[in-house]
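Enquirer:
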Amino acid sequence: MAVKVCTGAFEPWQEIQDYQNAQISGGFGATTVFIGTMRDFNDGDDVKSMMLEHYPGMTEKQLQNIVYAARQQWSIIDALVVHRVGTIMPNDAIVLIAVWSAHRGAAFDANRYIIEALKTTAPFWKKEQLTTKQARWVSKNTDGYTAG
Amino acid sequence: MAVKVCTGAFEPWQEIQDYQNAQISGGFGATTVFIGTMRDFNDGDDVKSMMLEHYPGMTEKQLQNIVYAARQQWSIIDALVVHRVGTIMPNDAIVLIAVWSAHRGAAFDANRYIIEALKTTAPFWKKEQLTTKQARWVSKNTDGYTAG
Amino acid sequence: MTIKIRYFASLRERLGRSEDTVDFYEALTVSDVWYRANADQPLPVNVLASVNMDYVALDSVVQDDDEVAFFPPVTGG
Amino acid sequence: MTIKIRYFASLRERLGRSEDTVDFYEALTVSDVWYRANADQPLPVNVLASVNMDYVALDSVVQDDDEVAFFPPVTGG
């Protein structure tokens with residue numbers, strides 16, 4: 073299990089491949105991945121870049137708590153969580169969650185649990201820089217179960 | 073949208089990366105991936121290899137129908153389905169499903185729909201070669217929603 | 004009129020062949036097609052059938068030149 | 004006894020500072036800590052609070068050397 077906070081851009085597929093090669097010796101029948109990517113629009117406005125602030129120390133602690141809680145609820149073999157902070161450009165990966173399990177039910181459910189818990193409890197805050205030069209804090213995350 | 077049937081081993085993370093680079097110009101905020109991997113045991117027995125038979129032509133047709141049905145139900149930007157046939161060794165990827173969407177709810181739900189529909193309607197059949205020299209057809213797939 | 008029949012997986016192995024051809028002059032259902040080719044074998048329990056690569060019910064009627072397939076429950080993914 | 008306070012994101016920007024230190028000699032709740040540092044500012048609606056990097060209720064009691072943080076709803080992922 074690993075949680076990582078990155079200050080620079082990361083290549084999500086490469087991160088998963090490297091982690092899997094280094095950490096996981098087999099036994100998994102199912103792997104699920106979620107990647108959140110920055111878009112260049114939000115709430116009807118064009119977004120030029122984003123600043124992601126976090127609470128160093130608490131971030132890692134909360135992410136570890138989330139992964140631990142997922143392990144308590146589902147039978148999973150391993151999990152990787154990577155989250156970007158700092159200045160982020162459109163089309164950059166913001167967050168990566170990968171879950172390895174014997175069976176697909178657990179791999180899907182644990183992955184989705186982790187992203188929902190991250191979005192509600194991990195101390196990250198997004199500030200958008202609009203193309204109009206305005207900057208604004210994102211005020212709340214959408215509900216991932218009902219949002220389209 | 074693409075569905076592919078592979079007769080040789082494929083590298084799932086590389087497949088996704090290549091497809092994303094070639095086909096998707098942006099606009100997606102969420103990507104989900106499911107990968108099914110061959111394990112070296114099943115139903116309490118050690119499995120040495122597996123032969124995956126399929127119905128050429130019908131396979132592609134059914135996979136396209138499944139992806140089309142997913143697009144009708146969820147707002148997705150693109151989807152890639154890759155499935156292996158022929159002789160498969162433990163730790164080889166069998167199936168890859170990737171879904172790109174604006175929002176994570178659709179990306180998760182469509183991905184899971186596609187794998188469940190594939191497992192119940194795409195004409196593939198697995199025959200396991202056990203380490204005891206015995207060979208046996210897998211008689212049915214497990215339910216992915218309730219199985220652990 | 005001619006129907007091509009295909010068999011897959013454990014069913015193909017059990018029958019010992021992967022294809023049959025049936026000639027006919029009257030209306031046949033998918034189930035009738037099975038018995039033309041396998042008079043001595045009951046239709047397997049849980050068998051799935053397709054016509055021209057689409058799933059069909061066993062009582063659907065076939066046409067000249069159709070490709071009918073019979074196979075066990077699928078186990079891909 | 005000494006408490007370190009940290010502020011994040013829009014709350015940090017609005018207050019114009021990222022940290023405070025509060026000295027005290029009696030039992031204080033997290034909410035009391037806020038008012039020691041921000042006597043003129045009501046606790047923001049929806050504010051979240053942590054003590055030593057764990058989420059806490061606003062009425063939980065702090066200890067010497069604790070790190071208390073206040074921040075708006077999180078928006079990562």
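Chains as they are written, first to last, in the numbering used here: chain S, 73 to 220; chain G, 73 to 220; chain B, 4 to 80; chain P, 4 to 80.
Ideal placement from N, C-alpha and C gives every residue a C-beta, glycine not left out.
Between valine 171 of chain S and chain G, is there a C-beta pair that is closer than 8 Å?
Expert: no
Enquirer: Just to confirm the assignment: which complete beta strand (DSSP E) runs, minimum length 3, are found wholly within the segment 85-156 of chain G?
Expert: 102-109, 117-126, 148-156
Enquirer: For a quick check, are the C-beta atoms of phenylalanine 100 of chain G and tryptophan 172 of chain G less than 8 Å apart?
Expert: yes
Enquirer: Roughly how many angstroms separate the alpha carbons of leucine 124 of chain S and alanine 72 of chain P, rounded to a whole number?
Expert: 18 Å
Enquirer: Looking at the C-beta of methionine 4 of chain P, does it have a partner C-beta in chain A at a distance below 8 Å?
Expert: The structure shown contains no chain A; its protein chains are S, G, B and P.
Enquirer: On the DSSP letters alone, give me the boundaries of the beta strand (DSSP E) that glycine 158 of chain G sits inside.
Expert: 158-160
Enquirer: How many angstroms separate the CA atom of glutamate 22 of chain P from the CA atom of aspartate 68 of chain P?
Expert: 14 Å
Enquirer: At a CB distance below 8 Å, what residues from the segment 127-146 of chain G approach chain B? Give them in sequence order.
Expert: Tyr127, Gly129, Met130, Lys133, Gln134
Enquirer: Looking at the strands, I want to know which residues DSSP matches up with glutamine 201 of chain G.
Expert: When beta bridges are read from the DSSP output, glutamine 201 of chain G appears opposite G:Ser121, G:Ala207.
Enquirer: Span of the alpha helix (DSSP H) holding lysine 212 of chain S?
Expert: From DSSP, lysine 212 of chain S is part of no alpha helix (DSSP H); its letter is neither H nor E.
Enquirer: Between lysine 76 of chain G and chain B, is the shortest Cβ-Cβ distance under 8 Å, so that the two count as touching?
Expert: False, the Cβ-Cβ gap to chain B never drops below 8 Å.
Enquirer: For threonine 79 of chain S, which three-state DSSP category applies?
Expert: coil
Enquirer: Anything in chain P within Cβ reach of histidine 155 of chain S, meaning under 9 Å, just list it in chain order.
Expert: Against chain P, the beta carbon of histidine 155 of chain S has neighbours under 9 Å at Gly79, Gly80, listed in chain order.
Enquirer: Residue range of the alpha helix (DSSP H) that threonine 192 of chain G falls in?
Expert: 176-193
Enquirer: How about the segment 158-173 of chain G and the segment 105-125 of chain G: do they share at least three Cβ pairs that are nearer than 8 Å?
Expert: yes
Enquirer: What does the Cβ neighbour count give for serine 97 of chain S, buried or exposed, with the cut at 16 atoms within 10 Å?
Expert: exposed
Enquirer: CB-CB under 6 Å to valine 153 of chain S, same chain, minus the five flanking residues each way: which ones, in chain order?
Expert: Val75, Leu135, Ile169
Enquirer: Taking beta-carbon pairs under 8 Å, can you tell me which members of the segment 184-200 of chain G lie near chain B?
Expert: Ile187, Leu190, Lys191, Thr192, Thr193, Ala194, Pro195, Phe196, Trp197, Lys198, Lys199
Enquirer: Using a Cβ-Cβ cut-off of 6 Å (strictly less than) and excluding sequence neighbours within five positions of aspartate 62 of chain P, which residues of its own chain qualify?
Expert: Thr32
Enquirer: Name the DSSP beta bridge partners of arginine 9 of chain B, please?
Expert: In the DSSP output, where bridge partners are listed per residue, arginine 9 of chain B has B:Glu22, B:Ala72.
Enquirer: Could you tell me if the beta carbon of leucine 46 of chain P falls within a distance shorter than 7 Å of some heavy atom in the ligand FMN?
Expert: The ligand content of the structure shown is nil, which means the ligand FMN is not present either.
Enquirer: Is tyrosine 58 of chain B helix, strand or coil by DSSP?
Expert: Collapsing the DSSP output to three states places tyrosine 58 of chain B in a strand.
Enquirer: For lysine 205 of chain G, count neighbouring C-beta atoms within 10 Å of its own C-beta (all shown protein chains included) and say buried if the count is 16 or more, exposed if not.
Expert: exposed
Enquirer: With 9 Å as the C-beta to C-beta threshold (strictly closer), list the residues of the segment 10-21 of chain B near chain G in chain order.
Expert: Flagged, chain order: Phe11, Ala12, Ser13, Arg15, Glu16.
Enquirer: Contact criterion: CB-CB distance below 8 Å. Does lysine 205 of chain G meet it with respect to chain B?
Expert: no
Enquirer: By a C-beta neighbour count over all protein chains shown, 10 Å radius and 16 as the cutoff for buried, is methionine 122 of chain S buried or exposed?
Expert: buried
Enquirer: Just reading off the alpha helix (DSSP H) that serine 34 of chain P is part of, what are its end residues?
Expert: 33-40
Enquirer: For alanine 30 of chain P, list the residues DSSP reports as bridge partners.
Expert: Partner(s): none; alanine 30 of chain P has no beta bridge.
Enquirer: For leucine 46 of chain B, does the three-state DSSP call read helix, strand or coil?
Expert: The answer is coil: DSSP assigns leucine 46 of chain B none of H, G, I, E or B.
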